[in-house]
Amino acid sequence: MVETVAKIPEKFTYLQAATVPLTLTTAAVGLFADAPSGAGLNPTWDPKVQYVGQSAFIVGGSASVGIFVVAQICGQVNIVYDAVFSPEGQAAGYAALVDNGHLLSVRATPDAYVPKDVDDMFGKILYEKLGGLLEKGTLVPLRIEELPGGWRALWEAQSEVG
Numbered sequence: 026m027v028e029t030v031a032k033i034p035e036k037f038t039y040l041q042a043a044t045v046p047l048t049l050t051t052a053a054v055g056l057f058a059d060a061p062s063g064a065g066l067n068p069t070w071d072p073k074v075q076y077v078g079q080s081a082f083i084v085g086g087s088a089s090v091g092i093f094v095v096a097q098i099c100g101q102v103n104i105v106y107d108a109v110f111s112p113e114g115q116a117a118g119y120a121a122l123v124d125n126g127h128l129l130s131v132r133a134t135p136d137a138y139v140p141k142d143v144d145d146m147f148g149k150i151l152y153e154k155l156g157g158l159l160e161k162g163t164l165v166p167l168r169i170e171e172l173p174g175g176w177r178a179l180w181e182a183q184s185e186v187g
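Residue numbers for the sequence shown, in my numbering: 26 to 187.
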C-alpha cells in the first residue's frame with residue numbers, strides 16, 4: 026500500500042492541520058466519489074469544474090464534516106448532504122431533493138455500498154491536491170482552541186467541579 030502525504034503549509038500549526046484529514050475525507054467521499062458512494066461531482070478535483078445552476082442542502086453545515094461540505098459547493102436541490110444524521114434532517118432533505126438527486130449521509134447503513142477502490146485512487150488524488158488547496162486558502166483547517174495544560178487540565182478541572 027502506498028501512502029500519500031500532503032505537505033502542511035507553514036501558516037498552519039500541526040494541531041490545525043490535524044483537523045483536516047478525517048472530516049475532509051468524509052465530506053469529499055460523499056461529494057466527489059462516484060455513485061453510489063458519493064455524488065460523483067469532481068473526483069479529479071479539477072478547479073475548472075463548476076456547478077452553475079445546481080443547488081445543495083446541507084444538514085449540519087456547522088458540524089466538522091459539514092464545514093468541509095459547505096467549502097466545496099455553493100424550492101428543490103440536486104444534493105442533500107446530511108453531516109449529522111438526524112431523522113428530521115434527512116426527512117427535510119429528502120423532501121427537498123429533485124428526482125435522481127443525491128442524498129448523502131455521514132452515517133453508513135448496514136447495506137451501504139462502499140467500493141473497495143475508493144480509498145486507493147480517490148484518496149491519492151485528494152491528498153496530492155490537498156497541500157495546494159490549503160496553501161491557496163481554498164480549504165482551511167477547522168478552528169481550534171488550544172487548552173492551557175491540554176486535556177489533562179480540562180479533565181482535572183471537571184473532576185473538581187463534579
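Even for Gly, the Cβ is constructed at its ideal location relative to N, Cα and C.
Look up F82 in the DSSP assignment and say whether it is helix, strand or coil. strand
Is the beta carbon of S80 within less than 7 Å of some heavy atom of the ligand FAD? The model depicted lacks the ligand FAD and carries no ligand whatsoever.
Integer-rounded CB distance, given that G85 should sit under 8 Å from V109: 3 Å
Have a look at P34 and V54 and give me their C-alpha separation to the nearest angstrom. 23 Å
Straight-line Cα distance separating G156 from L66: 21 Å
What three-state label does DSSP hand S130 in the structure shown? strand
Hey, is the segment 39 to 50 in contact with the segment 71 to 79, meaning 3+ C-beta pairs nearer than 8 Å? no
Which class does I150 belong to by DSSP, given the choice of helix, strand or coil? helix
Euclidean distance between Cα positions of L151 and E185: 44 Å
Please name the residue, chosen from I83, E153, I169, that lies closest to L129 on a Cα-to-Cα basis. I83
Taking only the alpha-carbon atoms, compute the straight-line gap between Y39 and V90 and give it to the nearest angstrom. 19 Å
Rounded separation between W176 and F37 - CA only: 21 Å
In whole angstroms, what is the alpha-carbon distance linking L122 and A178? 46 Å
Hey, out of D59, V77, A43, whose CA is closest to M146's CA? D59
Tell me whether L159 is buried or exposed, calling it buried when 16 or more other Cβ atoms sit within 10 Å of its Cβ. buried
Tell me whether G174 is buried or exposed, calling it buried when 16 or more other Cβ atoms sit within 10 Å of its Cβ. exposed
May I ask which residues mark the beginning and end of the alpha helix (DSSP H) holding Y106? Taken as a continuous stretch (DSSP letters only), Y106 belongs to no alpha helix (DSSP H), being part of the beta strand (DSSP E) at 102 to 107.
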